[in-house]
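Going by this note's numbering, the first residue of the sequence shown is number 0, and it counts up by one from there.
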Amino acid sequence: MTRLEIDFVSDVVCPWCVIGLGALRAALARNADVEAEIVFHPFELNPHMPREGQNIVEHVAEKYGATPERSEANRARIREAAAAFGFTMNGDATSRIYNSFDAHRLLDWARDAGAQAALKDALFRAYFTDRADIGDPRVLAATAAEVGLDRAGAEAVLGSDAHAEAVRAGEAFWHERGIAAVPSIIFDDRYLVQGAQPVEVFERVIRKLVERQAATA
């Protein structure tokens, strides 16, 4: 059995991170001889996003210069790509993008409890499928409880500055290593894959690492 450590740098409000994670998991599922630990790390696409968020069409127009028509075409492409991995994207022109800092704090807390992956999946569903405000502490606490985490514990984290420094330190660490876009996936601290690549790209990296470990065993 080959064991891999995979660092997955992403944002909760990044649709391509959902798709990249789906492709990564599909690649791992094709390799039964590999046991992988995926650790999620924070990246904020919009660290200065206000509490009330912003309409998605407005946001991409301001940030990327996208027209409403281009924005809709991108959403359609994202919906199709996500559906290939069984994920439902329900966004439309009325969707909003929210500040994700508190979600990252909760994910850091959940890692200590061994429930980081479950919470990450639940946050993706809450935001992209249910169109929930993942900047709202009530939504975050309810999502944590949904995956079996202690709701009171989640509320305590969200009502304080707990894990804020850990999130900032994590963001700084990956920024210093040259990570400027997400998803960024690092395999065994050796190979970097950026973007929501096809399953086959992830599989090639996995097999290369399997062969490398076998050669040095």
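Beta carbons are placed, not taken as given, at the ideal position from N, Cα and C, and that holds for glycine. Note that the coordinates shown come from a computational prediction; the quantities given were computed from them, not determined experimentally.
Assuming residue i and residue j are in contact, meaning their beta carbons sit under 8 Å apart, how far apart are those beta carbons, in whole angstroms?
i, j, result
"M48", "Y97", "7 Å"
"A92", "V17", "Incorrect: roughly 19 Å between the Cβ atoms, too far for contact."
"R78", "M88", "5 Å"
"L148", "A114", "6 Å"
"L105", "A153", "6 Å"
Identify, in the order they occur along the chain, each residue of the same chain with its Cβ nearer than 8 Å to the Cβ of residue i, setting aside the five sequence neighbours on each side.
i, result
"G85", "G21"
"L3", "V33, E34, A35, E36, F186, D187, I205, L208"
"A155", "A161"
"T66", "A60"
"A58", "Sequence check: residue 58 is His here, not Ala. N45, I96."
"Y190", "V204, K207, L208"
"R110", "V38, F39"
Quick one: residues in its chain with C-beta nearer than 7 Å to the C-beta of residue i, no 5 flanking neighbours on either side, listed in chain order?
i, result
"A25", "F84, V198"
"G169", "H40, P41"
List the endpoints of the continuous beta strand (DSSP E) containing residue i.
i, result
"T1", "1-9"
"F39", "33-41"
"S183", "183-186"
"V192", "190-193"
Measuring CB to CB, does residue i end up less than 7 Å from residue j?
i, j, result
"T142", "L122", "yes"
"F7", "I178", "no"
"I133", "V56", "no"
"V166", "P41", "yes"
"R69", "G90", "no"
"A117", "V146", "yes"
"S99", "E43", "yes"
On a Cα-Cα basis, can you pick out the residue from the options that is closest to residue i?
i, options, result
"A195", "M0, S9, I5, G19", "G19"
"R130", "S94, K119, G113", "S94"
"E202", "S9, M0, A31", "A31"
"A112", "R211, A144, D135", "A144"
"V181", "Q193, H174, W173, F39", "Q193"
"A163", "A214, F39, W108, D135", "W108"
"R50", "R150, D135, R29, G64", "D135"
The alpha helix (DSSP H) spanning residue i covers which residue range?
i, result
"L229", "Here the chain comprises residues numbered 0 to 216, so residue 229 is not present and cannot be evaluated."
"D149", "It is not in any alpha helix (DSSP H) - D149 carries neither H nor E in the DSSP assignment."
"R63", "The sequence as given places Tyr at residue 63; Arg does not occur at that position. Where Y63 is concerned, the enclosing alpha helix (DSSP H) stretches over 55-63."
"H103", "100-111"
"R74", "67-82"
"D120", "115-123"
"R24", "14-28"
"A171", "163-175"
With a CB to CB cut of under 6 Å and the five nearest residues on each side skipped, what residues in its chain are close to residue i?
i, result
"Q212", "T1"
"I5", "A35, I37, F186"
"H103", "P41, V166"
"E71", "none"
Less than 7 Å between CB atoms is the rule here; does residue i satisfy it with respect to chain C?
i, result
"K119", "Structure shown: chain C not included; a single protein chain is present."
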